[in-house]
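To start, the structure itself, in structure tokens.
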Amino acid sequence: MLVMKNLGILLSGRGSNFVAIADNIDAGRIPGGRIAIVISNRSDAPGIETARQRGLQALVIPSKGKERQTHDREVVAALKENKVDLICLAGYMRLLSPWFVRQFPQRILNIHPSLLPAFPGLEAQQQAFAYGVKVSGCTVHLVDEELDHGAIIVQKTVPVLDTDDEHTLAERILEREHIAYTEAIKIVLDGEFEIVGRRLVKAQRSEVRLQK
Ligand code: GRF
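Convert by adding 710 to the 1-based position in the sequence shown; the result is the number in our numbering.
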């Protein structure tokens, strides 16, 4: 029997990565995954309206004027109430407090529009373009207590063309993001991985180990 896992999506804006994940779930491409709740820290996030239109549970927990940990406690309470197993940050423009990260060890994913560790932080596509790299891309990683830093699950590369500007580059990276996030979610839901140092690698099954 397929054990269903509850996904919690956190977003602050457009929500195209959320939509890609939701579409892939609807198309049966993330077996065992369902979106239990979508949370935004901004009431004007287009992504939260999309979540409502799709009939998903959508919650706005405003962050403005609140201490980080106070807001984080409200978000974590909502995630736990909805029995969320895996959290996907999808354009969530808030740094999680170390306390939040510790509530869900190895159960929080983020997507970043560069090949980490290059160009962490804001406007990564513009940073890469301005630097003059010939290849950029996107990274889905586990969230730890440092910004854009945890173990890498999936990366996709995108060539930077002479004809690109920062917008066309960002658009092509976004197309790859929509594929990468689903791949990463499947890897984590399968659970067949281990973290060795910083490296996320396929878990060695015990019978395989015994044969060595
Ligand atoms: C994406 O580029 C993602 O990599 C970054 O924020 C952006 C969110 O876009 N973390 P969207 O809201 O998913 O369309």
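Each residue gets a CB set at the ideal place from its N, CA and C atoms; glycine is no exception. Note that the structure is a prediction, hence the values are computed from the model and not measured.
For residue i, count neighbouring Cβ atoms within 10 angstroms of its own Cβ and tell me buried if that reaches 16, exposed if not.
| i | result |
| --- | --- |
| His851 | buried |
| Leu799 | buried |
| His877 | exposed |
| Gly860 | buried |
| Gln835 | buried |
| Gly831 | exposed |
| Ser846 | buried |
| Asp782 | buried |
| Ile719 | buried |
| Lys715 | buried |
| Lys856 | Reading off the sequence shown, one finds Glu at residue 856, where the question assumed Lys. Looking at its Cβ environment, which holds fewer than 16 other Cβ atoms inside 10 Å, Glu856 is exposed. |
When DSSP labels each residue in this structure, what does residue i get in the three-state scheme?
| i | result |
| --- | --- |
| Pro869 | strand |
| Lys922 | Its pLDDT being 47, under 50, Lys922 is placed unreliably in this model, and the value from its coordinates should be taken loosely. Lys922: coil per DSSP, three-state reduction. |
| Glu902 | coil |
| Asn716 | strand |
| Lys912 | strand |
What residues in its chain sit with their C-beta under 6 Å from that of residue i, if we drop five residues either side in the sequence?
| i | result |
| --- | --- |
| Gln837 | Phe829 |
| Ile818 | Ile797, Val853 |
Near residue i, what residues of its chain come up, given a Cβ to Cβ distance below 7 Å and the 5 sequence neighbours on each side ignored?
| i | result |
| --- | --- |
| Ser764 | Reading off the sequence shown, one finds Arg at residue 764, where the question assumed Ser. Closer than 7 Å at Cβ, skipping near neighbours: Ala732. |
| Leu924 | In the structure displayed, the chain extends from 711 to 922; residue 924 sits before or after that span and is not available. |
| Glu902 | Lys912, Ala913 |
Note down, in chain order, each residue of its chain lying with its Cβ closer than 8 Å to the Cβ of residue i, except the 5 sequence neighbours on either side.
| i | result |
| --- | --- |
| Ala880 | Pro823, Gln835, Gln836 |
| Gly723 | Arg752, Ala755, Pro756, Gly757, Gly801, Met803 |
| Arg762 | Ala768 |
May I ask whether a heavy atom of the ligand SAM can be found less than 7 Å away from the beta carbon of residue i?
| i | result |
| --- | --- |
| Asn727 | This structure lacks the ligand SAM; its bound ligands are the ligand GRF. |
I'd like the ranges of any beta strand (DSSP E) spanning at least 3 consecutive residues and lying wholly in the segment 804-886.
818-822, 845-852, 862-869
If you scan the segment 736-790 from start to end, which runs of the beta strand (DSSP E) of 3 or more residues do you find wholly inside it?
Taking 3 residues as the minimum length, the beta strand (DSSP E) runs contained wholly in the segment 736-790 are 743-750, 768-770, in order along the chain.
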